[in-house]
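Each residue of the sequence shown is one higher than the one before, starting from 1 at the first, in UniProt numbering.
Even for Gly, the Cβ is constructed at its ideal location relative to N, Cα and C.
In this text, all values refer to a predicted model and were calculated from it rather than measured experimentally.
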Amino acid sequence: EGNFFSISGNLCTQYPQAVGWAMASVAKGETAIAASWIGDGTTAEGDFHAALTLASVYRAPVILNVVNNQWAISSFAGIAGGEQASFAARGIGYGLPTLRVDGNDYLAVFAATKWASERARAGLGATLIELVTYRGESHSTSDDPGKYRPKDEWKSWPLGDPIARLKTHLIALGAWDDKRQDEMQQHQAEDVRLAYKQAESFGTLREGPLSPVASIFDDVYVEQPWHIRRQRQDLGV
Ligand SMILES: Cc1ncc(C[n+]2csc(CCOP(=O)(O)OP(=O)(O)O)c2C)c(N)n1
């Protein structure tokens, strides 16, 4: 219904899935195009290269984005080969057009994405876009960036904050003001709070309700293979 084709937590699975989804769209005679996002670290996965090959060979209508935020948890982008060549440059070897964009410039990101989507819709195939940005916060609540990079490293990031930049730009054009910005931020904070409350009303890991253990065996195989049946019996469910 929402056209989300992947919610996998395994890095990069969404890339070949996006290409396959885009190829299926063409095969069905539909006009929908696909877009997918991965981080800089994830470009080191084999699926990244498989996806680029497929996308190029089959001219899939897909936009493949690499959000280069400089860090993959505690590994800097160089560990994924970011010092040898840019992540955008990876696409050239596959014959894909590529763009390297200031990812903290909202209008630049919009323009690049629009260009790539128009190419895809015109039947010209895939585009690889590297969005250059910086992850100022921790990777997750269990991550402490102070352990692997200077605590004030973010202050040296030259490309600024994307929200502040867009706001300054719009105010300079006379299309926006601080009052509207504050109101919008308050509304959005309230929207997020309400959405969180609504999500919690369906259950939490701490308070339940939890799905029955037996449900981990559902919706994977049409016919359950013997070894999975065995695991299920061992669990006693
Ligand atoms: C196949 C696989 N290996 C490892 C992990 C654990 N893991 C989760 S996020 C992450 C780092 C990803 O870094 P990057 O691709 O740069 O994306 P970012 O988190 O910066 O958006 C790792 C190693 C995983 N989810 N899947």
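- Distance from Ile63 to Ala24 at the Cβ level is roughly 16 Å; contact not present, criterion being Cβ atoms closer than 8 Å.
- At least 8 Å separates the beta-carbon of Asp40 from that of Val19.
- Residue range Gln14 to Ala27 is occupied by the alpha helix (DSSP H) that includes Ser25.
- Straight through space, the alpha carbons of Thr113 and Leu96 are spaced by roughly 15 Å.
- At the C-beta level, Pro212 and Gly203 stay beyond 8 Å of one another.
- For Ser36, the enclosing beta strand (DSSP E) has its first and last residue at Ala34 to Gly39.
- Shown here for Gly9: not one same chain residue has a beta carbon closer than 6 Å to its own, the five before and five after excluded.
- With a threshold of 7 Å, the Cβ atom of Gly41 counts as near ligand 1, since some heavy atom of the ligand is closer than that.
- Under the three-state reduction of DSSP output, Glu1 falls in the coil class, being neither helix nor strand.
- Within 7 Å of the C-beta of Asn69 there is at least one heavy atom belonging to ligand 1.
- The continuous beta strand (DSSP E) containing Ile129 extends over residues Thr127 to Val132.
- A Cβ-Cβ separation of about 11 Å leaves Arg100 out of contact with Ala85 under the 8 Å criterion.
- About 11 Å separates the Cβ atoms of Tyr15 and Thr53, ruling out a contact at the 8 Å cut-off.
- The beta carbon of Ile92 is closer than 8 Å to those of Thr98 in its chain, skipping five residues each way along the sequence.
- Val222 and Ile33 have their alpha carbons spaced roughly 29 Å apart.
- The continuous beta strand (DSSP E) containing Asp102 extends over residues Thr98 to Asp102.
- The beta carbon of Lys147 sits closer than 8 Å to the beta carbons of Ser74 from its chain, once the five residues preceding and following it are set aside; these are given in chain order.
- Residue nearest to Phe4 within the set Glu130, Gln17 and Ser201 is Gln17 (criterion: CA-CA distance).
- Exposure of Asp182 is indicated by the presence of fewer than 16 other C-beta atoms within 10 angstroms of its C-beta.
- Pro162 is positioned such that its CB atom lies closer than 8 Å to that of Tyr106.
- Its chain contains Val66, Ala80, Phe87 and Arg90 as the residues whose beta carbon lies nearer than 7 Å to that of Thr43, once the 5 sequence neighbours on both sides are disregarded; these appear in chain order.
- With a threshold of 16 other beta carbon atoms within 10 Å, Thr141 falls short and is exposed.
- Nearest to Val109 by alpha-carbon distance, out of Met184, Asp143, Trp226 and Val132, is Val132.
- Taken atom to atom, the span from the alpha-carbon of Trp154 to that of Gln185 is near 23 Å.
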